[in-house]
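Note sheet for the following structure.
In our numbering, the protein residues as written are 5 to 415.
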């Protein structure tokens, strides 16, 4: 045993004193198991070596607990030690907090690489949210800053690897162009808002063009060293996949619709978004009215009477906002796509008033969807609403039917 301890110490294992972030506990176990794998330890040796690394309050806890875990005559097992240890230092409440932290993760001021590292770190506490490759990719994409997320949606990238690598590429391109144009690269001054306000329309993304304050106009139309063309200071279309002529996605310049179209009469706009698919009889009926008090995390934090949590919707974990101020229940476009929810035209189009007093016209929904809240399964009717911070908003149509009481005191 003495030789084993000596070899173990040479691996420089971490000690554990029971203080600090609860995340340190599973990390400590993980590092120990790596060392045990190298040394080929038995169950009893694993427990002895782990206890050897306990210090302070953690050591006091084990001295008071071990007799109940391994009574006299019972052989120590690593599984029993881990279960007891995690119950103490990484409880179900701590795991739930890490799960919520993962579901709320947004890129904000982080670089793509920093965001990806945080996503990977926290995803280990949300295995059900990342076991499906499509759901993992969707959650990573939806946490990106809005200018990156819009391009990922427009390019219809589906895999985690594709989204991560294309985001890196676009971010690097923006940085290089900023340096080449003589400006100091920094995130937009509005970056603190990214991830807090949803995109309330389905307009296609056009690459941003920076204003050239204090510089001659020709600087904004320089020749790109990547493609040899002039396209302003936005990301190079050869990297993003956008059309060189109009900046939109889904076609190349040779097939650009704007080349075949004359000027559109003033005031006439193309119809975009879900309402374009609404049947003609819907358009002839007066729209119904709806409202939501919060559609973004920042609004939810400031709104009275709302709480957030996780539910199971259509067989998938969903980050939910329980909003008594919402007239209807809403599902995000991305979640509906992930869960393969069958969307059908509403009997009457709905004008939804948002916290910013904007009106969003929606025309698609799904009836009788499965929802599990607090272990109880029920059915819910949903209206599709473009939003990014929540997968579902549960409104008064469902809450009143359940005679639900929203407890804001513990939120």
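By construction, the Cβ of each residue, glycine as well, lies at the ideal position given by its N, Cα and C atoms.
Can you name the start and end residues of the beta strand (DSSP E) that residue i belongs to?
i: residue 381; result: 380 to 389
i: residue 312; result: 311 to 317
i: residue 335; result: 334 to 336
So residue i is in the alpha helix (DSSP H); what residue range does that whole segment cover?
i: residue 348; result: Counting along the chain, residue 348 falls outside any alpha helix (DSSP H), though it belongs to the beta strand (DSSP E) covering 348 to 357.
i: residue 158; result: 150 to 159
i: residue 9; result: 6 to 14
If you run the structure through DSSP and keep just helix, strand and coil, what is residue i?
i: residue 399; result: coil
i: residue 28; result: helix
i: residue 323; result: strand
i: residue 135; result: coil
i: residue 367; result: strand
i: residue 178; result: helix
i: residue 404; result: helix
i: residue 409; result: coil
i: residue 376; result: strand
i: residue 20; result: strand
i: residue 42; result: helix
i: residue 142; result: helix
Taking just the CA atoms, how far does residue j sit from residue i?
i: residue 347; j: residue 339; result: 12 Å
i: residue 107; j: residue 165; result: 20 Å
i: residue 394; j: residue 323; result: 6 Å
i: residue 118; j: residue 171; result: 12 Å
i: residue 398; j: residue 46; result: 51 Å
i: residue 504; j: residue 143; result: Outside the displayed span of the chain (5 to 415) sits residue 504, for which this structure offers no information.
i: residue 418; j: residue 74; result: Outside the shown range of the chain (5 to 415) lies residue 418, about which nothing can therefore be said.
i: residue 29; j: residue 409; result: 36 Å
i: residue 133; j: residue 5; result: 43 Å
i: residue 326; j: residue 345; result: 20 Å
i: residue 10; j: residue 53; result: 11 Å
i: residue 23; j: residue 66; result: 14 Å
i: residue 8; j: residue 44; result: 10 Å
i: residue 369; j: residue 333; result: 10 Å
State yes or no: is the C-beta of residue i nearer than 8 Å to some heavy atom of the ligand FMN?
i: residue 311; result: With respect to small molecules bound, the structure shown includes none, and the ligand FMN cannot be examined in it.
Could you check which residue in the options has the C-alpha nearest to that of residue i?
i: residue 14; options: 36, 31, 20; result: 36
i: residue 401; options: 392, 372, 51; result: 372
i: residue 113; options: 147, 140, 88; result: 147
Which ranges does the alpha helix (DSSP H) cover as unbroken runs of at least 4 residues, wholly within the region 50 to 127, from first to last along the chain? 60 to 73, 82 to 93, 96 to 107, 116 to 127
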